[in-house]
Structure formats: structure tokens, C-alpha cells
Amino acid sequence: MKHDLKVYDELIRNLTPHPENARHGDVPRIMASLRKLGQYRPIVVNRGSLTGREMEILAGHHLVQAATELGWQYVSITTVDVDDDTAKRIMLADNRTSDLASYDDRLLVELLGGLPDLDGTGYDAADLDALESLFKDHAWEVNDRELQDALDTADEDGWPVVKAKLAPALHARFLEVPGSDDSTRVTTLIQEWDEAHE
Amino acid sequence: MSVNVLMSFAFWAKKDLSEVRRELVCGKLMIDSGAYTAYTSGQVIRLADYAAFLATWRPYWDHAVTLDTIGDPVATRRSTRALHEQGLPVMPVFTRGESVKEFEAMVRDCGYVCVGGGVGMSQDVLVRRTQLLQRRAADLGGGIHALGMGAVGLVRQAMPYSADSSNISNTFQFGNIRFFNGQEIKSCKANDKRALLRNWEALRGHDINVADLAQNGRMPAGEFRTQLGQAMSLAYASADEWLHSVATVPVPRGVRDPRPGPHLYSSISVSHLLPGVIDLDHKLHNGYRPPVWRKYGRGHKCVERTAA
């Protein structure tokens, strides 16, 4: 199938969204892109001689929505004239083929990082931070103090705390067990019990 | 590495490891005693039995962890020494309460050291401790295996040379399916149609038949269950490849594999899941290319492992 693709400007009010478009786009980001970069790709519109529905959008719904929000009256379009079945397939394929693409994340970080700002790219600073964190160099100096502190914190972190209600007489006896604190006394008692029952 | 498997002696004492090795083309096989499971279930693991198991299957495993006596580092060190004296190059375990000096001594002796004791630790503390220990080990030419570190996101932050992730078998037991979404291993309930729908694209990427699952409305049995086990193993294999693409961790002294870390192991404790899991390695090396592997496994470097 070959289409005669010519690009021309069309009034937005003459375009109709396809009633079965299942895609949800990020309109604010597209608006930001249009503001910075303008429209650099035409909307694909079905002329409608085979469907009875004139000038129906097949690809670029959210771009048209964003342009409307920005107060534009015209967008650049290209047209095809296809039946209902083909129209649906074009709409699905346009979205799906983009879904199936993936990135070379390292190149993407370099590309974004090389720009003076992220305006209009569809990425924001948080996106770039998240991407850059993937490739951060994990080599750094570790000093003894830092390592010991981390181990001490870890050793104390997450151990279960046991609360026990003791009768005064039993508590008095518990305090007689050698040890500087309750944890040491409990450990001593358990060790004595283990030795007695080995 | 495609499929790295961690098997616990506590579960697999009677398993013929040569069968497992036959299926793993370049995936690594690590053995641990299952000390923590034994400890929580009251089971006793005898050093002599564990040593005999390791000695019998020595040509087939890549790494083995010492018999870890929970809460008793001195007993653990005694076991490590005894196993080393029997010619079994087990990895020592560094745990809570031990000093930096003890850690460094382990790294100097063995190169590749397990770090345990993370149970109950908050994530931030766990990540920081793992990061610093890996760094210090690397300075001494070694590296660490973070025992039970679990989440891929934590492994990515902490960057140990290797880590094992939570048990696929337990996931099944609780009716969950795991999948890799490009950043993390996620799970969803097999009987939760909304969750299946929300994640259908990622699940299909693992060759999981979402339609069958949704129609069944519960965790399937038999052949389909084995396939699901394989799909979940694929999630770990893909996550493992993804981790390599974002960072590299130097190979510890004494480890023969030339590929840098991090490496991710998934532990298996149920016999009916094992065939699917290890068969995956074979299939991936014979051209099996499910979407998630096409995406994350394309940089896979195979170093075929033959039994010594």
C-alpha cells in the first residue's frame, strides 16, 4: 500500500478525533515541546471517502490536543484515504511500534546531558537524575571510621526488642546476673541454660 | 550470566548436582547450607553432612557458602576452617557483631566473602553497609556476595559483586508471579485480574500466557506451573543482564569467571520448579528469545562452564 503523502496546513476545527483511539498521551509535555520546538511532524488524517467520516485523525491526537490548548488554529497534516479497518490498523500500529522501541540508556544520558537545558525534550530534571543514577561511578574512598560507623549502625538496626514483665522478686534475681545491661544479662542466662542442657 | 541458581543443602541434600550442571550452560551454581531456614525451622545441619555433600558434588558447583551458625560468628569461623582443611573452598560469612578487621581478614584469606545478617535491617542501613563493605573488599582485591539482599533496586544501589534474591518457590506458595519491569522485580497475584491487566505487557514479555492465567483465576498446576517458574527465572536472568549494563563490579580474587558483577542469583527450594528454571539457561543458549530477553539480554556474554 502506498500513500501520496503531501504536507499542508489545516484548520484544527476541521479535524475530528478517532472515536476508538485507546491511547492516553502526556499533553502538558507535548505542549512544552510545541512551545520550544514547534511542530516537526505532520498529523496523519484520514480523508474519509471510504468511511464516511471526514478528516478523522489517525496519528497525532495528543499533538492536536496540545496545539488546541496553546491556542493554535492550524496544524500541519498529511492525509491518507483508507477504509475503517486500515484506519484502525494505522492508529494501532503507530502507537504500538513506538511502545516496542527501547533505548540505549547510556547514549540517552549522554545526549540529554549534552544539552544546555531539557526544555521541549519531554524529559525533566528528575528524569535525568534517575537516568544518571544508573551510571554513577560507585568508586569512592572508604575511610575506616565511615565503615565502622556503618557496621555499628547496622549491628544495632532491626534487632528484636523483648519486653518482659517480671515480679519484683524475679527482677531482683535478674539484676543479680552478671552483666552491664539487660541484653548482656539475657545473653548470659541463655548461655548458662544452653550449657546446662547440652 | 543468564541463569544463576542458589540451592540450599537444607532443601537439596539428596539432589544430584551433575543433573543441574548439565542444564546450566553458563549460569552459575552456588550452594549454601540453608542455615537460616534450618535455624527458623528447628532443623539441625551437621557439618560432616554438609562437607560430604560439597565434596561429592565439587566438580559441579561454582561457589559454596560455609555452614553459618546463626548468631555465633565464632562457630561459623570454626566451620569455615574445618571445611577449608577438607579442601573445600567455601566462602566465609561476615555477619552482625563482627569487626572491620575480621572482615578484612576474611577478604585477604578468601577474596570472595558472603555478607549476611541483613534480616530485619532497614533498607538504607543495609544498602550503606553493603556498599561500604564491597568497596573495602574491592580495595583489597576481593568482593562480596550479599546474602538474601533481595530487591534488584537495592542491589543496583549497593552494587555488591553478587547477591541472591528471594525465593521463587515462596513466591509461588503465596500465589504471586514475578516479572522484571526494567528497573525492579515486581510481583502480582495470579488471581488478581486487574493486576494482570495492568502488567500484561510485561508479563507477556516473559512468555506468560496472561489470558490463561486470567481465565484460571488462580495459580495453575502441572506443566503450566513449571512454565511460570521458568518465566520467573527469566525475570531474574534479565535483571541480571540489566544490572551489568548499568554498572560493573570487579571480579574478586580467586573467582575464575572473567565477567564483572553484579551477578544475581535466584534461590530455588521446590523440586517441581527446578527443571523449568535450569532448562531456561539451555533454551536461551539455543535461540529462545522472549521479548524481555531481546530487550535486556542482548549484551549477554556467554562463558560456557564445563564441569571440572
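Same order as they appear, the protein sequences are chains A and B.
Count along the first sequence from 1, add 133, and you get the number used in my numbering.
The letter at position 266 of the second sequence is residue 263 when you use my numbering, and the numbering goes up by one with no holes.
Beta carbons are placed, not taken as given, at the ideal position from N, Cα and C, and that holds for glycine.
- For the C-beta of B/Arg126, the chain A residues within less than 7 Å are, from N- to C-terminus, Ala283, Leu284 and Ala287.
- Distance from the CA of B/Ala10 to the CA of B/Pro86, rounded to the nearest whole angstrom, comes to 19 Å.
- In the displayed model, B/Cys299 falls within coil according to three-state DSSP, outside both helix and strand.
- In this structure, B/Arg256 lies away from B/Gly139, with their beta-carbon atoms at least 7 Å apart.
- By the neighbour-count definition (other C-beta atoms within 10 Å, threshold 16), A/Leu248 is an exposed residue.
- When the five nearest sequence neighbours on each side are left out, the beta carbons in the same chain lying within less than 8 Å of the beta carbon of A/Leu241 are those of Leu264, in order along the chain.
- Burial state of B/Arg18 is buried, judged by a 10 Å Cβ sphere holding 16 or more other Cβ atoms.
- Cβ neighbours of A/Met164 within its own chain (closer than 7 Å, five residues either side excluded): Ala199, Glu202 and Leu203.
- Residue range Tyr109 to Val112 is occupied by the beta strand (DSSP E) that includes B/Tyr109.
- Among the residues of the region 289 to 314 of chain A, those with a Cβ less than 8 Å away from any Cβ of chain B are Asp290, Gly291, Trp292 and Pro293, in the order of the chain.
- The beta-carbon separation of B/Ser264 and B/Ser5, rounded to 7 Å, stays under the 8 Å limit for a contact.
- For B/Ala134, the closest alpha carbon among the candidates B/Pro288, B/Thr66 and B/Val104 is that of B/Val104.
- Against A/Glu279, the close residues of chain B are Leu129, in the order they occur along the chain (beta-carbon pairs closer than 7 Å).
- B/Leu281 sits away from B/Gly226, with the two beta carbons spaced by 7 Å or more.
- The region 54 to 67 of chain B makes contact with the region 27 to 36 of chain B: 3 or more CB pairs, one atom from each, lie closer than 8 Å.
- Residue state for B/Phe91 is assigned as strand, using DSSP reduced to three classes.
- Among the residues facing chain B, A/Val275 is included, as its CB has a counterpart in that chain under 7 Å away.
- Per DSSP, the unbroken beta strand (DSSP E) holding A/Ala192 starts and ends at Glu189 to Ala192.
- Cβ atoms of B/His203 and B/Leu231 come within 8 Å of each other, at about 5 Å.
- Legend: CB atoms of the region 93 to 109 of chain B lying less than 9 Å from CB atoms of chain A belong to residues Arg93, Gly94, Glu95, Ser96, Val97 and Phe100.
- In the DSSP annotation of this structure, the continuous segment of the alpha helix (DSSP H) that includes B/Glu82 starts and ends at Pro70 to Glu82.
- Distance from the CA of B/Asp136 to the CA of B/Pro247, rounded to the nearest whole angstrom, comes to 10 Å.
- Among the residues of chain A, those whose CB is under 8 Å from the CB of B/Ser119 are Asp290 and Gly291, following chain order.
- Around A/Leu267, the beta-carbon contacts reaching into chain B at under 7 Å are Val243.
- Nearest neighbour of A/His157 by Cα position, chosen from A/Ala305, A/Ile176 and A/His195, turns out to be A/His195.
- For A/Val208, the enclosing beta strand (DSSP E) has its first and last residue at Tyr207 to Val213.
- Counting C-beta atoms within 10 angstroms of its own C-beta, B/Tyr233 has 16 or more neighbours from the protein chains shown and is therefore classed as buried.
- B/His279 sits close to B/Val22, with the two beta carbons spaced by under 7 Å.
- Taking 9 Å as the Cβ-Cβ cut-off, the region 204 to 236 of chain A approaches chain B at Asp232, Leu233 and Ser235, given in chain order.
- For B/Val2, the enclosing beta strand (DSSP E) starts and ends at Asn1 to Ser5.
- For the 7 Å CB-CB criterion, A/Arg180 and A/Thr212 form a contact.
- Contact between the region 287 to 304 of chain B and the region 34 to 49 of chain B is not established, with fewer than three Cβ pairs separated by less than 8 Å.
- Around the beta carbon of B/Cys107, 16 or more other beta carbons lie within 10 angstroms, which makes this residue buried.
- Cβ contact annotation for A/Met224 (same chain, cutoff 7 Å, sequence separation greater than five): His151, Asn154, Leu191 and Ala192, in chain order.
- DSSP places B/Ile141 inside the beta strand (DSSP E), whose first and last residues are Gly140 to Ala143.
- Restricting attention to B/Gln83, B/Tyr285, B/Met156 and B/Gly150, the CA atom closest to the CA of B/Val112 is found in B/Met156.
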